[in-house]
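For reference, the structure is listed below as structure tokens.
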């Protein structure tokens, strides 16, 4: 026995146009109430299977329908027949688009819309199995635990039509409101104080071509960004953000692990007495040698903190790290300066009384420091030196984290620009205050 669906799609009939007397193919005569003559474009009210009367004279469509009337498609495991083509525009604007209306045996009507090459599949409670009434929250609506944001309000008008429907689509007065959460959209239609909700899903051109078995090259090229067009940049950003978060956690764990395996060790901590060298330059102080200390790890960094109570003056020191086993040396210099005063009713200061120096990759061994101080204050009598090995290198870790954040930051910037371009088509852009 033939399936009811197959039988349904074989049904077709003809009626005569009362205006031009041409025969019109009717795909769903039992349900259809309005039809357009494809010869004279009269909008007709179907009275019965033999009679129709003129309701309104329409103009010829501006475009040839890409999806043919009478064609069939299987959408979400349901067979549909395309029975109408509409050209619409937004009242008071130049925006215009096209809609294809399809009917099924038991899932009612669905609409496939096309605007500037962007396609949407639109269905209501008859089509969507788990449909739930959206909940309005002013400029947003909630649908299945997802918040949809107001994108557009408009009054659609039918400017041309081919095919048939079971309601007076041309003369109905609709006020539409669209809320988006790409790739989905909630469409609220108000007709005579009654509100109906529909859910739209963005379809890629490849999907349309596959559903209807046509060449993708026949479809119009996309212009701009669709209202609910999914952003590949958003997916890229969220993916990179997740991966970067994992990488940052790993970097921090490695950093902490290295700190546990190679803990900091104090090698030297002394406040040395220094004295001016009368036989040398006016700023030269007598050099001195520190007590010896041992570096026990195969390779370590050593941080030197130097400090002195300079006051409106400076102190500079050259430190030579000497390996007592092979006489290898590492030389660094650092200055300390601190100035302060009172000027024009305000106190000021600059500089510091302490500084730090870092040496890296110091091999295991016994060491001492040769220290060569100089100062603008010949009465300066102390120089504090602290040496620490295996110092935690937060700078390198922070630089690594910063570098890891560059790619997601770029993805965020591109994604945000994509969203700004999307919302340029809306009167309700969240970016309006940034212009």
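In the working numbering, the protein residues as written are 21 to 455. Beta carbons are placed, not taken as given, at the ideal position from N, Cα and C, and that holds for glycine.
### Task
List in chain order: all unbroken beta strand (DSSP E) runs of 3+ residues lying wholly within the region 184 to 272.
195 to 201, 204 to 211 and 214 to 223
### Task
Along the alpha helix (DSSP H) that carries residue 436, what are the first and last residues, could you check?
414 to 443
### C-beta contact flag for residue 308 and residue 324 at 8 Å
no
### Task
Tell me residue 176's beta-bridge partners as DSSP assigns them.
110
#### Entry: Proximity of residue 206 and residue 154 at Cβ, strictly below 8 Å
yes
### Query
Would you say the region 190 to 205 touches the region 112 to 119, given that touching needs at least three Cβ pairs under 8 Å?
no
### Query
Can you list, in chain order, the stretches of the beta strand (DSSP E) that have 3 or more residues and sit fully within the region 265 to 353?
285 to 293, 313 to 327 and 333 to 343
### Task
Would you check if there are 3 or more beta carbon pairs closer than 8 Å linking the region 90 to 108 to the region 116 to 134?
yes
### Query
Within 10 angstroms of its Cβ, does residue 247 collect 16 or more other Cβ (buried), or is it exposed?
buried
### Message
So if DSSP puts residue 450 in a beta bridge, which residue, or which two residues, is it bridged to?
### Response
In the DSSP output, where bridge partners are listed per residue, residue 450 has none listed.
#### Entry: Euclidean distance between Cα positions of residue 261 and residue 144
36 Å
### Query
In whole angstroms, what is the alpha-carbon distance linking residue 36 and residue 65?
12 Å
### Query
When you compare only the Cα positions, how much space is there between residue 295 and residue 317?
35 Å
### Query
Rounded C-beta distance between residue 400 and residue 341? I'm assuming under 8 Å.
Contact flag wrong, Cβ pair sits at about 23 Å.
### Message
Buried or exposed, going by whether 16 or more other CB atoms sit within 10 Å of the CB of residue 410?
### Response
buried
### Message
Taking its Cβ as the centre, do 16 or more other Cβ atoms sit within 10 Å of residue 435, making it buried, or is it exposed?
### Response
buried
### Query
In this structure, what does DSSP give as the bridge partners for residue 46?
33
### Message
So for residue 144, helix, strand or coil by DSSP?
### Response
coil
### Task
For residue 23, I'd like the list of residues in its chain whose CB is within less than 8 Å of its CB, leaving aside the five on either flank, ordered along the chain.
With a pLDDT of 44 at residue 23, under the threshold of 50, the modelled position of this residue cannot be trusted; read the value that follows with caution. If we look at residue 23 and ignore the five residues flanking it on each side, it has no Cβ neighbours.
### Query
What residues in its chain sit with their C-beta under 7 Å from that of residue 469, if we drop five residues either side in the sequence?
The shown model of the chain, from 21 to 455, leaves out residue 469, and the question about it has no answer.
### Query
Any chance the region 385 to 393 sits against the region 367 to 375, with 3 or more Cβ pairs inside 8 Å?
no
### Query
Cβ of residue 297 within 8 Å of Cβ of residue 310?
no
#### Entry: Nearest candidate by alpha-carbon position, reference residue 202, set 447, 443 and 452
443
### Query
So what does DSSP say about residue 77, is it helix, strand or coil?
strand
#### Entry: 8 Å contact criterion, which residue 124 and residue 159 should meet: CB distance rounded
34 Å between Cβ atoms; not a contact.
### Task
Less than 8 Å between the CB atoms is what I'm expecting for residue 87 and residue 74, so what's the real figure, rounded?
Not confirmed; about 27 Å, so no contact.
### Message
Using a Cβ-Cβ cutoff of less than 8 Å, which residues in the same chain neighbour residue 451 once the five nearest sequence positions on both sides are dropped?
### Response
439, 440 and 443
#### Entry: Nearest-angstrom Cβ-Cβ length linking residue 350 and residue 379, presumed shorter than 8 Å
5 Å
### Inter-residue spacing [alpha-carbon to alpha-carbon] between residue 381 and residue 319
5 Å
### Message
Taking the alpha carbon of residue 429 as the reference point, which residue from 326, 412 and 256 has its own alpha carbon closest?
### Response
256
### Task
Please classify residue 159: does DSSP put it in a helix, a strand, or coil?
coil
### Query
With which residues is residue 59 paired in a DSSP beta bridge?
BP columns for residue 59 are empty, so no partner.
### Message
What does the Cβ neighbour count give for residue 96, buried or exposed, with the cut at 16 atoms within 10 Å?
### Response
exposed
### Query
Roughly how many angstroms lie between the CA atoms of residue 285 and residue 408, to the nearest whole one?
6 Å
#### Entry: For residue 128, the three-state DSSP class (helix, strand or coil)
coil
### Query
Quick one: Cα of residue 121 to Cα of residue 421, how far?
53 Å
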